[in-house]
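Trainee:
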Ligand code: THG
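In our numbering, the protein residues as written are -4 to 269.
1. Say the cut is 7 Å; is the CB of residue 203 nearer than that to a heavy atom of the ligand THG?
2. Report yes if the C-beta of residue 98 is less than 7 Å from at least one heavy atom of the ligand THG; otherwise report no.
3. Is residue 6 a contact residue of the ligand THG, with contact defined as CB to any heavy atom under 7 Å?
4. Kindly indicate which residue of 190, 135, 204 has the alpha-carbon position closest to the one of residue 177.
5. Which residue wins for smallest C-alpha separation from residue 275, given the options 213, 84, 110, 266?
6. Going by beta-carbon coordinates alone, are residue 199 and residue 123 separated by less than 8 Å?
7. So the alpha helix (DSSP H) residue 132 belongs to, where does it begin and stop?
8. Within 10 Å of its beta-carbon, does residue 89 have 16 or more other beta-carbons around it, so buried, or fewer, so exposed?
9. Just how far apart, CA to CA, sit residue 212 and residue 246?
10. If you draw a straight line from the alpha carbon of residue 148 to that of residue 101, how long is it in whole angstroms?
11. Identify the residues that DSSP records as bridge partners of residue 163: which are they?
12. Say yes only if the C-beta of residue 22 is nearer than 7 Å to one or more non-hydrogen atoms of the ligand THG, and no if none qualify.
13. Cα-Cα, which of 80, 96, 154 is closest to residue 114?
14. Residue 4 and residue 38 look like a contact to me (Cβ under 8 Å); what is the Cβ gap, rounded to whole Å?
15. With hydrogens ignored, establish whether the beta-carbon of residue 166 is closer than 7 Å to any heavy atom of the ligand THG.
16. In terms of DSSP beta bridges, what is residue 4 paired with?
17. Between the alpha carbons of residue 146 and residue 6, how many angstroms are there, rounded?
18. Where are the alpha helix (DSSP H) runs, 4 residues long or more, that stay fully inside the segment 134 to 208, in chain order?
19. Around the C-beta of residue 12, are 16 or more other C-beta atoms found within 10 angstroms, so that it is buried, or is it exposed?
20. Alpha helix (DSSP H) containing residue 30: first to last residue?
21. Counting along the chain, where does the alpha helix (DSSP H) carrying residue 218 start and finish?
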C-alpha cells in the first residue's frame, strides 16, 4: 500500500498560518513526522491559504526538501501550480502530479498537460487522475468507469506507461444527504477499473474526504480502507498519524497475503514502513 500523507495542506489551520507567516518549522515537523509514520509520499496542497499559489507551492517544496528526501505529491488542479512545484522538486526522488480531471470546461487539455509535465519531469514522475470531467464529479458507477477508461486510453495514446497512472474514483463525505450509496458505487467502480489495463492501473483515494463532518472519523475511514483494498486499491491519501488506520493497512495486507504473518506482524509493518 502506497501511503500519501495528507497533512501538508493549507486546509489545516496550522499549515495555513505557517504559509502566511513563512514559518518553516511547522512544515518541516509535519514532513519528518509523516515520513516516520510510514508515508511514501507527502501531499503538498496550498489550498486556499495564499493568493500566490505558484510561489507558495515552491516555498513548501523547498522547505520540505531542506529537511527530508521523501517523495512529494504535488496537489493542484491548476497546471501552472504543478509546473511551479516541479521547478523546485527533486524529481529523482519520485514525484506524483496529483488531481487532474479528464478534462475541464475551461481546459479541455488538462490531462494532456499533466502527462506532458510528468514526461518532462522524468521516469519517476507519476500522475493521479480523477474520474471527473467537464460535467463534474459523476455519482454513478458507469460514468466513473467510462471516465477512467478514457483516462487510460489517453495515457496509452500518448505513450505514457499506465503503471505511472493512478486513477482516483473520488470519495465524497458519507454524511451528505443521499451520499450513502457512494461508497458502494466507488467499490463497484474499482472492481471494473482494475481491469482497464494489464497490469492494472494503480488506484488511490482521498480517504479522509469520506468522514468529513462525521463523528466516528477514524472508524469510518479504516473500515472503508479495508473494503477498498480488497477491490484493488493500492494507494491512499490518508492520515498516517492514525495508528488504528495504519494497523488496518498492515492487517489487510497480511490477510491479502501481501505481508508475511507472524505474531508480531504489526510491529514488523510499523518498522519496515519507516
Ligand atoms: N483525491 C486526490 N487528492 C486529494 C483528495 C482526493 N487531495 C486533497 C484531499 N482530497 C485529501 N486530503 C485531505 C486532507 C484533509 C482532510 C480531508 C482530505 C480533512 N481535513 C479536516 C476536515 O475537513 O475536517 C480539516 C480539519 C482542520 O481544519 O483541522 O478531513 O480526494 N487525488
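Idealized CB from N, CA, C, for every residue including glycine.
Computed from a prediction, not measured in an experiment: that's the story for all the values here.
Mentor: Taking the coordinates as given:
1. Yes, the Cβ of residue 203 comes within 7 Å of a heavy atom of the ligand THG.
2. Checking every heavy atom of the ligand THG against the Cβ of residue 98, none is found closer than 7 Å.
3. Shortest gap from the CB of residue 6 to any heavy atom of the ligand THG: under 7 Å.
4. Considering only 190, 135, 204, the residue with the shortest C-alpha distance to residue 177 is 135.
5. Because the chain spans -4 through 269 in this model, residue 275 falls outside it and cannot be assessed.
6. By the CB criterion at 8 Å, residue 199 and residue 123 fall inside the cutoff.
7. Unbroken run through residue 132: none, as it is neither H nor E.
8. Residue 89 should be labelled buried.
9. The straight-line gap from Cα to Cα measures roughly 19 Å.
10. Computed Cα separation, rounded: 22 Å.
11. The partner list for residue 163 (beta bridge, DSSP) reads 125.
12. Not under cutoff, so the answer is no.
13. Among 80, 96, 154, the Cα nearest to that of residue 114 belongs to 154.
14. At roughly 6 Å, the Cβ-Cβ gap stays under 8 Å, so residue 4 and residue 38 are in contact.
15. Residue 166: yes, Cβ under 7 Å from the ligand THG.
16. DSSP, once it has assigned bridges, lists 40 as partnering residue 4.
17. Distance between the alpha carbons of residue 146 and residue 6 is about 28 Å.
18. Taking only runs of at least 4 residues, the alpha helix (DSSP H) segments lying wholly in the segment 134 to 208 are 136 to 152, 177 to 188.
19. Burial call: exposed.
20. Note, residue 30: alpha helix (DSSP H), 19 to 31.
21. If you look at residue 218, you'll find it in the alpha helix (DSSP H) that goes 212 to 225.
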